[in-house]
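Chemist: Numbering (UniProt numbering), first residue to last: 1 to 357.
Mind looking over this structure? Questions follow.
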């Protein structure tokens with residue numbers, strides 16, 4: 001995916017995307033191995049999210065790419081060039097972190113043009129490019145304010161403008177939204193994605209928030225214990241998780257007992273296909289709430305249960321049911337199908353493949 005500059009986007013900030021490659025990257029801190037032979041190819045102009053729990057190695061991978069950490073083994077390439085021995089400031093990358101890291105004594109425009117001045121870009125040219133970057137993130141009218149006069153979301157927009165103003169080959173985002181409230185986080189997340197698509201910049205986004213990753217990514221690398229468990233599009237990871245770890249981490253699931261026989265799982269009174277290979281015997285199945293149906297107590301399908309809670313979420317309702325066997329199952333259903341604590345219902349599983357462990 002590449003883009004060319006249009007009248008709606010500053011030409012100075014748009015550029016061709018480049019490929020980023022991790023080749024067998026190992027990172028040790030003393031006797032602790034954090035990255036275990038990481039292999040990843042990011043296509044030019046692509047946004048790839050590194051998703052996983054704390055301690056899985058995603059931020060370490062980003063820091064190795066940025067040159068803030070040195071790999072114990074392996075190589076990192078940007079645009080085909082091995083940058084393992086290249087200093088951070090010579091890798092042509094832009095970085096945005098959770099902490100805004102703005103200079104409190106500098107105005108918004110001065111903060112934005114700081115990197116250009118460090119590169120000895122003439123002041124007039126730096127000011128022009130900084131103004132373009134601020135317009136791009138919707139802050140042109142606040143150029144002369146100071147960081148303490150901005151909201152958290154506005155400060156993060158300044159940090160994003162500062163990262164983009166040098167027209168880097170690669171943009172690195174390390175949990176840039178986690179310090180913001182939910183509404184601001186959602187809006188800025190969508191804006192980052194729009195900018196990334198318009199500018200065509202290769203981007204790696206580190207997050208532990210699966211909703212963020214699903215919303216903005218071309219592909220997602222789910223990491224666990226320093227390795228990539230699965231790499232794929234958001235749809236692939238959600239609908240066809242390759243491992244129980246991915247099924248448990250990506251999307252909301254209920255985990256209930258199942259019996260696997262001949263590639264099929266017997267669960268909630270229904271027989272459904274199993275994702276991947278699984279030996280026959282007792283197992284646990286991951287059930288997506290949208291694949292479970294809430295039925296009247298008089299229905300003959302599924303299994304009986306009792307409502308533990310039911311949450312109204314606007315366009316839908318999510319209900320937690322305790323089955324007669326004691327299993328907890330979440331069901332996503334129409335908002336108008338209202339149920340309350342203690343109501344007797346039945347739950348049934350749609351005929352869709354399930355992940356098991």
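Beta carbons are placed, not taken as given, at the ideal position from N, Cα and C, and that holds for glycine.
From a predicted model like this one, the values you see are computed outputs, not experimental measurements.
Ordered along the chain, which non-local residues of its own chain (more than five positions away) have a Cβ less than 7 Å from that of residue 224?
Modeler: 52, 56, 245
Chemist: Using three-state DSSP, classify residue 353 as helix, strand or coil.
Modeler: coil
Chemist: Please list the terminal residues of the continuous beta strand (DSSP E) segment that includes residue 29.
Modeler: 20-29
Chemist: Where does residue 334 sit, in a helix, a strand or coil, going by DSSP?
Modeler: When secondary structure is reduced to three states using DSSP, residue 334 falls in the strand class.
Chemist: Along the chain, where does the beta strand (DSSP E) containing residue 224 start, and where does it finish?
Modeler: 219-224
Chemist: Can the beta-carbon of residue 186 be found closer than 9 Å to that of residue 47?
Modeler: no
Chemist: If I follow the unbroken alpha helix (DSSP H) through residue 228, where does it start and stop?
Modeler: Residue 228 -> not in any alpha helix (DSSP H); beta strand (DSSP E) instead, spanning 227-232.
Chemist: Can you give the beta carbon distance from residue 271 to residue 347, rounded, assuming they're within the 8 Å contact cut?
Modeler: Wrong, their Cβ atoms sit about 16 Å apart, outside the cutoff.
Chemist: Pull up the distance between the alpha-carbon of residue 226 and that of residue 189, whole angstroms please.
Modeler: 26 Å
Chemist: Could you pull the DSSP bridge partners for residue 285 from this structure?
Modeler: 256, 356
Chemist: Let me check one thing: in DSSP terms, what residues is residue 305 bridge-paired to?
Modeler: By DSSP's assignment, residue 305 forms a beta bridge with 323, 345.
Chemist: Residue 239 bridges to which residues according to DSSP?
Modeler: In DSSP, residue 239 forms no bridge with anything.
Chemist: Classify residue 253 as buried or exposed, calling it buried when 16 or more other Cβ atoms lie within 10 Å of its own Cβ.
Modeler: buried
Chemist: Specify the secondary structure class of residue 98 as computed by DSSP and reduced to three states.
Modeler: coil
Chemist: If I measure Cβ to Cβ from residue 139 and keep anything under 6 Å in the same chain, skipping five residues before and after, which residues do I get?
Modeler: 157
Chemist: At which residues does the alpha helix (DSSP H) containing residue 118 begin and terminate?
Modeler: 114-118
Chemist: Strictly by DSSP, which residues pair up with residue 33?
Modeler: 28
Chemist: For residue 162, collect the residues of the same chain with a Cβ closer than 7 Å to its Cβ; drop the 5 residues on either side in sequence, then sort them by chain order.
Modeler: Around residue 162: 111, 112, 114, 115.
Chemist: Quick one: measure Cβ to Cβ for residue 159 and residue 199, integer angstroms, because I've assumed they're closer than 8 Å.
Modeler: Between residue 199 and residue 159 the Cβ distance is about 16 Å, and since that is not below 8 Å, they are no contact.
Chemist: Does DSSP classify residue 198 as helix, strand or coil?
Modeler: helix
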